[in-house]
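Scroll down for the structure; my scribbles are underneath it.
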Amino acid sequence: FWLKLMNRVSPICWLLFLVRRAHHSPTMPPDSRDLERADAQVAGMTNSEEPARHMSARESYAATLDEELDTDLTGQSKVWIAALGCEVWGTEADLDENAYGAAAVALIKDITKLHYQIYNDVPWEGISLTIVRLCTAMGIMLVNLIFQATILYYIYTFVVEPSVKNVQVMYAEFRAGIFDEHGKVDDEAWANYPGKSAVCQITMSNLNFYFGILVLWSLLMMDELRKCERVARDIAAIRHVDKLEDQLCYSHRNGYDVDGVCLVVGLTTFMRWTVLLTVCVPRAIIGFVLLFLGYQWLASSGSFADMTLNAMALEFVKNIDEILYDAVLPRQLKQDIADTNVFKIEQRKTKKDLDAAEWKAYKRTCLWVGFMIGGLVTFSVVVQTVLPFDLTELNALCTVQRTESQTPICTHMTFSGWSEDCYPYGSHYYADGSHEEEV
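Start counting the sequence shown at 30; every next residue gets the next number (the numbering used here).
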């Protein structure tokens, strides 16, 4: 039995021994000729195939630039225009949903619709509704312009000018009472100066805070002015037509009767200039006036808290057009404005067109940022009439005063009455944080 078992197991054991030996045997070094052949093959691939691979990538990129892209990438759509008798490609652009956008839609859409209704003998019920819609939108625009112009005048007359004079008087008293005729500081006069806490709150004495708020206000107004500029570019990009009835394209075949989604596909010369002069130009003028007025008001703020609150008040003035739009216009008219878009007829866009458009957008952004920085520096250093730009002397004297005024007298938590120890009974508190017990 054992002999038979050994005869059967021995071949298996011998096979396992050979496999184990082959697995643990050291690898023989390659022949030098094999290494030379491998190096030659690698060198051949590096010198011949790699340039071909790079050329293929360049050709692929060049082909991509001229290839027409899908609408999901370009944002274009295809629209049937009856005046042209064919479908055309183009890009839609929204009009702002505010008083200015309502006026633009009223001028383009309602006047065209009114012309169609009168020419086709539409009953008075339909014509009267178009007239009411037109008058409501233009009325909101007129009220917005009057409101904004009046508020700007009142702010300048009753807020900005008194604030400027108050700060100027405060600074003049500071220089007259603290410095001698040679410009040297009287330390004793400064220590006993009664208006120390007020004059140290002048915002222009801290340029970091001052320019921080002015930069935020500049960005806020840059957004408003860029919206106006985009609308002007969209209006200018619409194709020219000779007839009013060729200006609109409805998604419904009976669009003039039932309204619905409407595209502005063309503008006459008179209508184009009417929209630009009555909507874009007044908006731009009010934006620039508000920008300068905001600079002047913020620069004349009597304290850091007032400067922050004044910036919030200016935001309220800027949004009057949106407040009137949301509060006064009926929902149906706002839906009608939202359903009206500008349609700019274009060729099918390629990757090259998208890249060129993106580069133009970056250039416009750089121009706007440069314009705002230049305007801010020009106002602060050259134009503003509030105070001298260099208030280093005031800032140096107010360092200790600000530290004392900004340091709280108690930093204990209120838990379990811990903060009560900061306010002892029967003692007088001084500004330096000391207490004196009353007798």
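From the three backbone atoms N, C-alpha and C, an ideal C-beta is built for every residue, glycine too.
These figures come from a predicted structure and were not determined experimentally.
- Y182 counts as exposed, since fewer than 16 other C-beta atoms from the protein chains shown sit within 10 angstroms of its C-beta.
- Where S247 is concerned, the enclosing alpha helix (DSSP H) starts and stops at 236-266.
- As DSSP reads the structure, Y279 sits in a beta bridge with C291.
- Pairing D355 with A128, the inter-Cα distance amounts to about 9 angstroms.
- Its Cα nearest to that of L405, the residue L322 stands out among C439, E375, F444, L322.
- Annotation: the stretch 394-456 contains the following complete segments of the alpha helix (DSSP H) (minimum length 4 residues), in chain order: 421-435.
- CA-CA distance, K142 to V134, rounds to 11 angstroms.
- If you check the CB distance, M233 and L426 do not come in under 8 angstroms.
- Considering only V411, I137, E154, the residue with the shortest C-alpha distance to A166 is I137.
- With a contact defined as Cβ atoms closer than 8 angstroms, V294 and F240 miss out at about 46 angstroms.
- According to the DSSP assignment, I169 belongs to the alpha helix (DSSP H) that extends over 153-184.
- Nearest in C-alpha terms to G289, of all of V214, A367, S329, is A367.
- Following the DSSP letters along the chain, one finds S106 inside the beta strand (DSSP E) bounded by residues 105-110.
- In the structure shown, V270 falls within a coil segment according to DSSP collapsed to helix, strand and coil.
- G206 carries a helical assignment under DSSP once its states are collapsed to helix, strand and coil.
- The beta carbons of V161 and Y200 sit no closer together than 8 angstroms.
- When the Cα atoms are used, S330 and E126 turn out to be separated by approximately 33 angstroms.
- The beta carbon of I315 sits closer than 6 angstroms to the beta carbons of Q177 from its chain, once the five residues preceding and following it are set aside; these are given in chain order.
- With a 10 Å radius around the Cβ and a threshold of 16 neighbouring Cβ atoms, C439 comes out exposed.
- Beyond the five residues adjoining it in sequence on each side, A261 comes within less than 7 angstroms, by CB distance, of L305, C309 in the same chain, given in chain order.
- The DSSP-derived three-state label of D355 is helix.
- For the pair of segments examined, the stretch 211-222 was found not to touch the stretch 433-452: the number of CB pairs separated by less than 8 angstroms stays below three.
- N339: not part of any beta strand (DSSP E); member of the alpha helix (DSSP H) spanning 333-347, first to last residue.
- For F333, the closest alpha carbon among the candidates L383, I175, N237 is that of N237.
- Counting the other CB atoms within 10 Å of its CB gives G212 a total below 16, which places it among the exposed residues.
- In terms of Cβ geometry, I242 and V196 do not form a close pair [threshold 8 angstroms].
- Looking at D101, F203, D150, L383, the one whose alpha-carbon comes closest to that of L420 is F203.
- A direct Cα-Cα distance of roughly 16 angstroms separates M442 from P453.
- The C-alpha of K381 lies about 32 angstroms from the C-alpha of I402.
- Bounds of the alpha helix (DSSP H) holding G323 are 310-328.
- Taken atom to atom, the span from the alpha-carbon of M300 to that of E121 is near 19 angstroms.
- Bounds of any beta strand (DSSP E) do not take in A227; it lies within the alpha helix (DSSP H) bounded by 225-228.
- Annotation: D215 is outside any alpha helix (DSSP H) and is labelled neither H nor E by DSSP.
- Bounds of any beta strand (DSSP E) do not take in I137, whose DSSP letter is neither H nor E.
- Judged by beta-carbon spacing, S226 lies within the 8 angstroms limit of Q430, meaning their Cβ atoms are closer than that value.
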